[in-house]
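First the structure, in the form of structure tokens, and then the observations on it.
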Amino acid sequence: MKVRYRAVVALLLLSVLGASFVHYEATEDQRWPYPDADELAADYDTYVGKQAFLFGEVTAVDADGAAFTIKVEATGEIITLSVNGSDADVERGGTVQVYGTLEPDRTVDAQVVRVVNASTGALLYKYGASLVGVLLFLVLFARYWRVDTGRWVLEARRDG
Amino acid sequence: MADLLTHVLVPFVLLTVASWRVDWLDRRWVVVGMGGGAIPDLVKVDLVLEADSVGAMLGVPLSYGSFSTLGGVLVVAALITLAFRRDHWRRVYGLLVAGGLSALVLDGLRVFADGHASAWLYPFTNWRPPTPSLYVSSDPTVLVVTLALAMVVLVADRYREPS
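Protein chains in written order, with the working numbering: chain A, 1 to 160; chain B, 1001 to 1163.
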């Protein structure tokens, strides 16, 4: 297929992809029945008594470990919430998932708390491993495939 | 989600085993499938080009979340396929989708505190399939197990070759 036609099809596909970004955001509520950080930041009190599912970073843990504080990123601001009723082993700097009921005074009565990244190190590990993944793939791909600069297509290497 | 290294190694394991039965499926095709495994990770574009900022600039809210869905994989795989020679398209597309699907399924097994994975079948359904919550994304066990499997398959593949 000529480069020109491929470019047209690629543009069409890119438009579909772009539309999906907008559609995905616009229909988020249909997949995620919980209030998001922006909604909580704007008007927390409306959601008191509702179920919430939050992703946040632990900023402080009480001395007895029964309660802790998380910060959740909203657009342009960060909201802080207290989490009670958890027996999860959380540490400051870790990332947690909190599923529970929203109580007054920005407090969450947690039913389930899961530690996602125990610390900042866990996040670094994840990005490090991902970088290795990218490099491994690029090396392998370049070994078996090449760009045919005559027709601007990817072609298998004969010696691959 | 699991790390990207796991995402490319899982298709390597699955497709290398499949290649023992399917004649045309040699290493170069396996590598294409590995690339497919990385498609859902494109959602991380957000780290360099924040969706919120782009949305504010364009005046319409958007999210890259669709990259990590079946719909996203089908579209991105088609885009990548276009870059290949015409007579490779069918295989390339199939392998990219297979790789992407393996990554989505793997991510669908990870921990969600409410017991349901993300709605990765979007846009076909907004339903969030139940997850067994097997692992958290930063759990090295996932990578260690996958690496071990990849080693076993690699060695087995070498020993098969003479026959």
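Yeah, the Cβ is synthetic: ideal placement off N, Cα and C, and Gly gets one too.
None of these values were measured; they are calculated from a predicted model.
Could you name the residues of the same chain whose beta carbon sits closer than 8 Å to that of residue i, not counting the 5 residues immediately before and after it, in chain order?
{"i": "L154 (chain A)", "result": "W145, R146, V147 and D148"}
With distance defined between alpha-carbon atoms, name the residue in the options nearest to residue i.
{"i": "V113 (chain A)", "options": "A:W152, A:A74 and A:V58", "result": "A:V58"}
{"i": "A1117 (chain B)", "options": "A:Q97, A:L14 and A:V108", "result": "A:Q97"}
{"i": "P1132 (chain B)", "options": "B:F1112, B:V1017 and B:T1141", "result": "B:F1112"}
{"i": "V108 (chain A)", "options": "A:T46, A:K126, A:L136 and A:K50", "result": "A:K50"}
{"i": "L196 (chain A)", "options": "A:T69, A:E73 and A:L12", "result": "Residue 196 (chain A) is absent from the model: chain A starts at 1 and stops at 160."}
{"i": "S975 (chain B)", "options": "B:L1104, B:Y1135, B:A1056 and B:L1079", "result": "Residue 975 (chain B) falls outside the range modelled here, since chain B spans only 1001 to 1163, and no answer is possible."}
{"i": "V1030 (chain B)", "options": "B:V1152, B:T1016 and B:P1040", "result": "B:T1016"}
{"i": "V3 (chain A)", "options": "B:L1149, B:F1084 and B:P1130", "result": "B:F1084"}
Where does the unbroken beta strand (DSSP E) through residue i begin, and where does it stop?
{"i": "Y99 (chain A)", "result": "T95 to E103"}
{"i": "L1121 (chain B)", "result": "Run containing L1121 (chain B): none; DSSP gives neither H nor E here."}
{"i": "A156 (chain A)", "result": "V153 to A156"}
{"i": "T107 (chain A)", "result": "T107 to N117"}
Which residue comes first and which comes last in the alpha helix (DSSP H) that contains residue i?
{"i": "E25 (chain A)", "result": "V3 to A26"}
{"i": "W145 (chain A)", "result": "Note, W145 (chain A): premise wrong, no alpha helix (DSSP H); beta strand (DSSP E) at W145 to D148."}
{"i": "L1109 (chain B)", "result": "It is not in any alpha helix (DSSP H) - L1109 (chain B) carries neither H nor E in the DSSP assignment."}
{"i": "D1052 (chain B)", "result": "A1051 to L1058"}
{"i": "R1021 (chain B)", "result": "First-last for R1021 (chain B): undefined, no H or E at that position."}
{"i": "A1078 (chain B)", "result": "L1070 to T1081"}
{"i": "P1140 (chain B)", "result": "P1140 to R1160"}
Measuring only the C-alpha atoms, how far is residue i from residue j?
{"i": "V1022 (chain B)", "j": "A1077 (chain B)", "result": "22 Å"}
{"i": "S1163 (chain B)", "j": "D1157 (chain B)", "result": "With a pLDDT of only 49 at S1163 (chain B), under the threshold of 50, the placement of this residue in the model should not be trusted; the figure read from the coordinates follows. Cα to Cα, S1163 (chain B) sits roughly 11 Å from D1157 (chain B)."}
{"i": "D1052 (chain B)", "j": "S1063 (chain B)", "result": "7 Å"}
{"i": "D89 (chain A)", "j": "S15 (chain A)", "result": "45 Å"}
{"i": "S82 (chain A)", "j": "W1120 (chain B)", "result": "30 Å"}
{"i": "L1082 (chain B)", "j": "G1035 (chain B)", "result": "14 Å"}
{"i": "G94 (chain A)", "j": "R106 (chain A)", "result": "20 Å"}
{"i": "T80 (chain A)", "j": "L1005 (chain B)", "result": "34 Å"}
{"i": "S20 (chain A)", "j": "E28 (chain A)", "result": "12 Å"}
{"i": "G1037 (chain B)", "j": "V1010 (chain B)", "result": "8 Å"}
{"i": "A7 (chain A)", "j": "L1143 (chain B)", "result": "38 Å"}
{"i": "G85 (chain A)", "j": "E25 (chain A)", "result": "32 Å"}
{"i": "V1176 (chain B)", "j": "G18 (chain A)", "result": "In the structure as shown, chain B starts at 1001 and stops at 1163, and residue 1176 (chain B) therefore has no counterpart that could be examined."}
{"i": "D64 (chain A)", "j": "P1140 (chain B)", "result": "29 Å"}
{"i": "V1152 (chain B)", "j": "D1087 (chain B)", "result": "33 Å"}
Apart from the five residues on each side of it in sequence, which residues of its chain come closer than 7 Å, Cβ to Cβ, to residue i?
{"i": "W1020 (chain B)", "result": "R1160"}
{"i": "T75 (chain A)", "result": "D38"}
{"i": "L1014 (chain B)", "result": "S1102"}
{"i": "N1126 (chain B)", "result": "A1119"}
{"i": "P52 (chain A)", "result": "Pro is not the amino acid found at residue 52 (chain A); the sequence shown has Ala there. Around A52 (chain A): Y34, P35, G100, L102 and V108."}
{"i": "A118 (chain A)", "result": "E91 and G94"}
{"i": "R1128 (chain B)", "result": "H1116, A1117, S1118 and A1119"}
For residue i, which residues in the same chain have their Cβ closer than 6 Å to its Cβ, ignoring the five residues on either side in sequence?
{"i": "G160 (chain A)", "result": "Per-residue confidence for G160 (chain A) stands at a pLDDT of 48, beneath the threshold of 50, marking its modelled position as unreliable; no derived number is given."}
{"i": "E103 (chain A)", "result": "D109"}
{"i": "L1070 (chain B)", "result": "L1121"}
{"i": "V22 (chain A)", "result": "none"}
{"i": "I1039 (chain B)", "result": "V1073, V1076 and G1100"}
Is residue i near the ligand COA, going by C-beta to nearest heavy atom under 7 Å?
{"i": "S1102 (chain B)", "result": "Ligands in the displayed structure: none, and consequently the ligand COA is not present."}
Quick one: list the residues of chain D neighbouring residue i, beta-carbon separation under 7 Å, in chain order.
{"i": "D1003 (chain B)", "result": "Absent from the structure is chain D; the protein chains it does hold are A and B."}
Please go through the region 22-98 of chain A and give each complete alpha helix (DSSP H) segment of 4 or more residues, from N-terminal end onward. 28-31 and 37-43
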